[in-house]
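S.K.:
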Amino acid sequence: MLEKDEPDRKIYLAIPEQTYTTLFARPAVKGWIQNERVNLLVSNPTPKSCNG
Numbered sequence: 587m588l589e590k591d592e593p594d595r596k597i598y599l600a601i602p603e604q605t606y607t608t609l610f611a612r613p614a615v616k617g618w619i620q621n622e623r624v625n626l627l628v629s630n631p632t633p634k635s636c637n638g
């Protein structure tokens, strides 16, 4: 839907670094990402505690 409304906008899939190294490193998944031109944003989230 966004492709129709805003064709110049790039969309990114944000994933944790651990997911990237375990799932997205597989050859089949890598091939799919390249074929579909999925833009990845890999992050290394750190948990924060709330003292409330």
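Under this note's numbering, the sequence shown has 626 at position 40, and the numbering climbs by one with no breaks.
Each residue gets a CB set at the ideal place from its N, CA and C atoms; glycine is no exception.
All of these numbers come straight from a predicted model, not from anything done at the bench.
Name the DSSP bridge partner or partners of Ile619?
M.R.: Ile619 is not bridged to any residue.
S.K.: Are Asn621 and Lys596 close, meaning C-beta to C-beta below 7 angstroms?
M.R.: Contact: no.
S.K.: By alpha-carbon positions, which one of Cys636, Leu599, Asp591 ends up nearest to Ile619?
M.R.: The residue with the shortest Cα to Cα distance from Ile619 is Leu599.
S.K.: Our contact map puts Pro631 next to Pro602 with C-beta atoms below 8 angstroms; I'd like the distance itself, whole angstroms only.
M.R.: Yes, they are in contact, since the Cβ atoms of Pro631 and Pro602 sit about 6 angstroms apart, within 8 angstroms.
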